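Reminder that position 204 of the sequence shown reads as 204 in UniProt numbering, one-by-one numbering, no gaps.
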Amino acid sequence: MKREGYGRGGRNEYISLDGLRVDGRRPEEVRHIACHIGTPGNAIDGNAYFEQGNTRVLATVVGPRDRKSVTHRMEEGMELKCNYSNRQDRRSAKEIEPLLEDMFRSVILVDQYPKSRLDISIEVIQADGSLLCAAVNAVSLALLHAGVPMKDMICAATVGMIDGQCVIDLNGYESSADGPVLQIGVLAQTGSISLLDISTRLSSASQLQEMVSAGTAGCKGIYSVVRSEAHDLIIRLASSRGILGT
């Protein structure tokens, strides 16, 4: 028997009396994560595949590359462009692209690449909730693969308030719940917040604090998986360049 929550289209069930969500997770648990850095035979500079439950995202990076001409003084620094593609929701690109550009411009060491251009592309292969955060995680890995220097890696997670509880990593069904949703990005090493996007007004400062705390914990859990893949990439690159002995 399940406790009922309230959805936008009527009454929906989100959390059971046993405290389990529709996919069997506890409120604080993230979905299964699988990621891979570097697709063999791909000619681009960096790429990463990120899978979080049934949400699947591919991020690619081209650059940084020198620009042929700089017409304005404002353009003397790095030009960073994001292209977000989701066939199921084309309108979301206008909101997500500038958000991603601002976020990654803040962590990339842009001063090292004056008069250059960096292109980031994100393709949503399959959508089942927490798309923005999956895109952030995929881009972080793709930038690492491309060798783009960053102050830190960003890991992101989604938090929803459902039936008075913080629920981490919303799937598509849970995203329809009538409650606030927070998307948070955290710098992996320092813990500083680089993204804080809230869907609706919260009832109190304590509710915000609770959601931020839960989201930060979710980011740490995601990073524990991402870190392993990043470590494997470093070993592969070192081996291919003859840095490691045989």
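Built from N, CA and C at the ideal position, the CB exists for glycine as well. Quick caveat, the model's predicted, so the values are computed rather than measured.
| Query | Result |
| --- | --- |
| With 16 other Cβ atoms within 10 Å as the buried cut-off, status of R21 | buried |
| Counted within 10 angstroms of its Cβ, other Cβ atoms place R26 as buried (16 or more) or exposed | exposed |
| Segment limits, alpha helix (DSSP H) that includes E101 | 93-105 |
| Top-ranked residue by Cα proximity to V225, from A156, L195, R105 | A156 |
| Classification of S32 by the beta-carbon crowding that lies within 10 angstroms, buried from 16 upward | The identity of residue 32 in the sequence shown is His, whereas the question assumes Ser. The residue is exposed, with fewer than 16 neighbouring Cβ atoms inside 10 Å. |
| Where the beta strand (DSSP E) through S116 begins and ends | 116-126 |
| S199 classed as buried or exposed, judged by whether at least 16 other C-beta atoms fall within 10 angstroms | exposed |
| Enclosing alpha helix (DSSP H) for A138 [first to last residue] | 131-146 |
| I168 to V136 span [Cα, whole Å] | 16 Å |
| Nearest-angstrom Cα separation, counted from I120 out to V148 | 12 Å |
| Under the three-state DSSP convention, the category L20 falls into | coil |
| Of the residues E95, V107, H231, I44, the one placed nearest S192, counting alpha carbons only | V107 |
| Exposure of S16, with buried meaning 16 or more beta-carbon neighbours within 10 Å | exposed |
| Under the three-state DSSP convention, the category Q183 falls into | strand |
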